[in-house]
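> For the sequence shown, the residue numbers in our numbering are 2 to 180.
Don't be surprised by glycine CBs; every beta carbon is placed ideally from N, CA and C.
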Amino acid sequence: GAAEVNICPGEHVSTDANWVVVSPVRITGASSETTFLERGRVLIDGSESVSISHLTIRDGQGAPYTEVLWVGGAIEVYTASVTLSHVVLDGNNAACGGAIAGYLTSSFEIEDSIVRNNTAWSGECGGGAIILDEATLRSTNTDWGSGPNDNVPNDIYVGSTAGINRYSFGAAATFACSG
């Protein structure tokens with residue numbers, strides 16, 4: 002079965018490094034209002050299932066995908082299946098995919114969460130998420146920010162051989178998209 006990582010209420014896990022996940026794991030906080038992963042990010046390197054719930058990932062900085070492209074300020078995934086539930090992704094940044102970067106055959110299920118105040122500083126690549134290749138993202142009842150709390154320059158950038166699309170959503174958004 003999956004390994005369990007439980008983070009206690011009031012815990013602020015501050016790091017300037019990646020949490021690298023290479024096997025099935027459930028990362029659970031007490032509440033997104035009291036449990037924080039700060040200045041770090043979760044790199045999911047493998048094709049396993051990963052569940053993250055009841056915590057906030059904030060102020061993360063994307064890592065180099067190439068020398069000039071930094072991606073996934075909070076979470077970066079290539080082939081795994083990731084479920085986010087009752088998670089807040091806030092104030093993360095990268096060149097592309099300010100909060101989330103999904104590639105290859107990765108899949109994201111985001112439910113009852115908040116994705117806000119994230120920035121893609123390249124100017125076009127999804128402040129909330131970048132979804133490429135055959136990756137998929139499904140959002141249910143998730144707030145993608147609006148007004149001063151919006152993701153910059155847009156919520157989601159989806160790129161595939163069929164073309165490029167940019168999307169912006171608001172509160173309680175439910176949708177599905179794929180690269």
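If you run the structure through DSSP and keep just helix, strand and coil, what is G160?
In this structure, G160 counts as strand in the three-state DSSP scheme.
> According to DSSP, is G11 helix, strand or coil?
G11 falls in the coil class under three-state DSSP.
> Which ranges would you report for the beta strand (DSSP E) in the region 41 to 96 if only whole runs of at least 3 residues count?
Correct list: 42 to 45, 50 to 59, 76 to 78 and 82 to 91.
> Spatial neighbours of G61 within its chain, please: C-beta separation below 7 Å, excluding the five flanking residues on both sides.
The residues are R40, G41, R42, G74, A75 and N93.
> DSSP three-state label for N155, please.
Coil, per DSSP.
> Using the three-state DSSP reduction, which class does N166 fall into: helix, strand or coil?
Note: N166 maps to strand in three-state DSSP.
> Just verifying my parser: in three-state terms, what is the DSSP assignment at N19?
If DSSP states are grouped into helix, strand and coil, N19 belongs with the strands.
> So, is E5 buried or exposed, given that buried needs 16 or more other C-beta atoms within 10 angstroms?
Exposed, since its Cβ has fewer than 16 Cβ neighbours within 10 Å.
> In the DSSP assignment, what are the bridge partners of A4?
A4 is bridged to V26.
> Quick one: Cα of S48 to Cα of D134, how far?
Cα-Cα distance, rounded: 15 Å.
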